[in-house]
Amino acid sequence: MRKTLAAALLLTLAACGQPGAGGAVRVTLVQGLAGEEFYETMACGARAKAEELGVQLDVQGPQKFDPTLQTPIVNSVVAAKPDALLVAPTDVKAMIAPLTQAKQQNIKIVLVDTVVEDPSIGLSRISTDNVKGGVAAAKALAEQIGDKGKVLVISTDPGVSTVDARIKGFEDEIKAAHPAVTSLGVQYSHNDVSEAAKIVNAALAKDPDLAGVFATNLNSATGAGTALQQAGKLGLVKMVGFDAGPAQVKQLKDGVVQALIAQLPGEIGAKGVEQAVAAVRGQQVTASIPTDATIVTAANVDSPGIQKVLYKAAC
C-alpha cells in the first residue's frame with residue numbers, strides 16, 4: 000500500500016511539474032543581434048505576450064549577427080533545458096547543428112524572423128513576407144528615381160534568409176517591370192554601419208550617376224545614409240531602407256531616405272511565444288506564419304497607425 004501511495008504521489012508531483020499540466024512554461028528567445036531595435040521590439044512583443052500567458056521568458060543574443068557568436072549562446076540555452084526556444088538563426092546552414100542539438104533534447108523550437116535550410120527544424124516559422132517586402136522596395140525606389148537609372152543593393156551577408164528573400168523580391172521586380180533601371184548588383188556590409196558607408200562611397204566614386212540605393216536592413220541603411228549625407232548627395236541619390244528604427248525615422252524626416260519598409264517585429268515576438276506555448280502543451284501549432292510590412296514615408300510617418308509600427312530601443 001505504501002509503495003502504491005508513494006508511486007501515486009510521485010506521478011502527481013511529476014504531472015504538476017509538466018508545463019502541459021499547469022506548470023509554468025519556460026521559454027528562451029535568442030535574438031539575431033542584441034540591442035538592435037528590430038530585435039528589441041521583437042523582445043518587447045514576446046515579453047508582453049509571455050506576461051499575458053504566465054510564461055517565464057528569458058532573452059539573450061549575440062553582440063554581432065554572427066553564427067560563431069550565436070552558437071555558444073544556443074548551446075548554453077540547450078544545456079539549461081527550457082521548454083521552448085524562440086530563435087532568429089544568423090545563418091541558414093551554420094545554425095542547423097546547434098539547433099539540431101536542441102531538438103534532440105526535446106526543446107520545442109520556433110523560428111522567428113530568420114530560418115535554416117533544414118525544414119525539420121522549427122515547429123513554427125514566423126517571419127515577414129520578405130520577398131513581398133523586396134518587391135515593395137523596388138517599386139518605391141523605381142518611383143523615386145523616375146523609373147530609370149542605376150541602383151545598388153546593400154545587404155548584410157549571403158546566407159541570411161530574410162535579406163536574401165528581400166534581394167530576390169527586389170531584383171525580380173526590377174528585372175520584370177523596370178527595364179530602364181539598371182541593377183549594379185548586391186554588396187555586403189556584414190551588418191556593419193561603417194562598412195555600408197564605405198560601400199556607398201566606393202559606388203559613388205565608380206558610378207557618379209548612381210540614382211538609387213536599396214538598403215536591406217537597419218545597419219545597412221544607417222551606413223548608406225551617412226555616406227550620402229557626407230557626399231552631399233541627399234535628395235540626388237534616392238534611398239529606400241528596410242526597417243524603421245529611430246535612426247531610420249530620423250533619416251526619413253531629414254530627407255536622407257525617401258521610404259522605409261517597416262516590419263512588425265513585436266507581432267513576430269508575440270506570435271512566437273503563442274506558438275511555443277502551444278507546442279509545449281501539445282496543442283495545434285501553425286507551421287508558417289507570414290507577417291506584413293508597411294511602407295513608411297515622410298507623408299505618413301506621424302500618423303497614429305504608422306507610429307504603432309515604428310521600432311523601439313527598449314520596452
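Numbering that gives the first Met the number 0 puts the first residue of the sequence shown at 0, with every later residue one more than the last. Glycine included, each C-beta is placed from N, C-alpha and C at the ideal position.
Pairing Val162 with Val134, the inter-Cα distance amounts to about 12 Å.
Residue Tyr187 holds the alpha-carbon nearest to the alpha-carbon of Val159 among Tyr187, Asn299, Glu170, Leu151. The residues Met41, Gly44, Val111, Asp112, Ile125, Ser126, Thr127, Thr290, in chain order, have a CB closer than 8 Å to that of Ile267 in the same chain once the five nearest residues on each side in sequence are set aside. Under the 10 Å beta carbon count, Gln229 is surrounded by fewer than 16 other beta carbons and is classified as exposed.
Rounded to whole angstroms, Leu140 and Asn218 show a C-alpha spacing of 19 Å. Given a length threshold of 4 residues, each whole run of the alpha helix (DSSP H) inside the segment 207-290 is given here in chain order: 217-229, 245-253, 264-279. Counting only the Cα atoms, Val300 lies some 10 Å from Lys249. DSSP places Lys138 in the uninterrupted alpha helix (DSSP H) bounded by 129-143.
Taking each of Ala297, Leu259, Pro245 in turn and checking the Cα distance to Glu36, the smallest one comes out for Pro245.
Residue environment for Asn105: exposed (fewer than 16 other C-beta atoms within 10 angstroms of its C-beta). Looking only at Gly224, Asp208, Ala175, the smallest Cα-Cα distance to Lys197 is reached by Gly224. By a beta-carbon distance limit of 8 Å, Ile294 contacts Ala258. Their separation comes to about 6 Å. The continuous alpha helix (DSSP H) containing Gly304 extends over residues 303-306. No Cβ-Cβ contact shorter than 9 Å links Gln69 with Pro81.
Rounded to whole angstroms, the separation of the alpha carbons of Pro178 and Ala220 is 25 Å.
Taking the Cα positions, Gln262 is about 14 Å away from Thr296. Between the alpha carbons of Ala96 and Gln283 lies a distance of about 26 Å. Between Gly222 and Val180, the gap from beta carbon to beta carbon reaches 9 Å or more.
Beta-bridge partners assigned by DSSP to Ala83: Val26, Lys107.
Thr285 counts as exposed, since fewer than 16 other beta carbons sit within 10 angstroms of its beta carbon. DSSP places Val199 inside the alpha helix (DSSP H), whose first and last residues are 192-205. A Cβ-Cβ distance of about 12 Å is found for the pair Val109 and Ala269, leaving them out of contact under the 8 Å criterion.
Under the three-state reduction of DSSP output, Gly44 falls in the helix class.
Under DSSP, Gln186 forms a beta bridge with Ile153.
Burial is judged here by how many other beta carbons sit within 10 angstroms of a residue's own beta carbon; Glu273 has at least 16 and is buried. With 16 or more other Cβ atoms from the protein chains shown falling within 10 Å of its own Cβ, Pro66 counts as buried.
In this model, Val150 and Pro118 are separated by some 34 Å (Cα to Cα).
Residue pairing by DSSP places Ser160 opposite no residue, since no beta bridge is assigned to it.
In this structure, the straight-line span from the alpha carbon of Ala278 to that of Leu56 is close to 15 Å. Secondary structure note for Asp57: its beta strand (DSSP E) is the uninterrupted segment 55-59. For Thr293, the enclosing beta strand (DSSP E) starts and ends at 293-295.
Ile120 sits in coil when the DSSP states are folded into three classes, being neither helix nor strand.
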